[in-house]
Every structure is written in C-alpha cells, then in structure tokens.
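Take a look at the structure below.
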Amino acid sequence: MPQEEFIVVYVSQGPLGAEVAKSKLEAEGIPAMLRYEAVGRVLGLTVDGLGRVEVLVRPEDEAAARQILEEEPLGEAPTPEG
Numbered sequence: 145m146p147q148e149e150f151i152v153v154y155v156s157q158g159p160l161g162a163e164v165a166k167s168k169l170e171a172e173g174i175p176a177m178l179r180y181e182a183v184g185r186v187l188g189l190t191v192d193g194l195g196r197v198e199v200l201v202r203p204e205d206e207a208a209a210r211q212i213l214e215e216e217p218l219g220e221a222p223t224p225e226g
C-alpha cells in the first residue's frame, strides 16, 4: 500500500517514543510503520522538527490505534492529525 494512504496516529520528537508506539500497536495486531526526516535520523538531530517521527497505520485501523495509544500514554500526546 502506498505510504500516502496511511494515517498519522502519533508523532514523537525522536525515534524512541515512536518505536514504543509502533511496538504497542503491533502487539495489538495493528500493522504500523514509521516515517521520519532522513536528515534528522542520519545526523541524530531532534530540533526544529528534524527529529519528528510519525507513526502511521492503515485508515481502517485508525480508530483502534488511537484508542490503544490513548489508553496508556507514552509520555507524548497523540496528534490530532488525521
């Protein structure tokens, strides 16, 4: 499925929070993927949006994913994007 068809359900400033969210979703049976700025990842930067990492899911999994992520906060607020 093309990445454009995925929905952002969580945004983390840096990879750690995003990896935790992705793992939590996958443990519940929801496939997820990460999208991040390549420059931030290569240089290890987490300022000015360069360390922004988005957790994406299929549109049909959006509601369940948001519910799972809201049940147990990961230290950062899920985004209202959608």
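Residue numbers are given in my numbering: position 34 of the sequence shown equals residue 178, and the series is strictly consecutive.
Here a beta-carbon is modelled for each residue, glycine too, at the ideal position from N, C-alpha and C.
> Where does Gly173 land, buried or exposed, given buried means 16+ other C-beta within 10 angstroms?
Replying inline: Answer is exposed; the Cβ neighbour count stays below 16.
> What residue from Leu213, Ala207, Pro175 and Val199 has the CA that sits closest to Ser156's CA?
Replying inline: Nearest C-alpha to Ser156: Val199.
>> Going by DSSP in three states, Glu170 sits in which element: helix, strand or coil?
In response: Glu170: helix per DSSP, three-state reduction.
> How about Arg202 and Pro159: do their beta carbons lie closer than 8 Å?
Replying inline: The answer is no: Cβ separation not under 8 Å.
> First and last residue of the beta strand (DSSP E) that includes Arg196?
Replying inline: Where Arg196 is concerned, the enclosing beta strand (DSSP E) stretches over Arg196 to Val201.
> Pick from Ser167, Tyr180, Tyr154 and Ile151: whose alpha carbon is nearest that of Gly195?
Replying inline: Relative to Gly195, the option among Ser167, Tyr180, Tyr154 and Ile151 whose CA is nearest is Tyr180.
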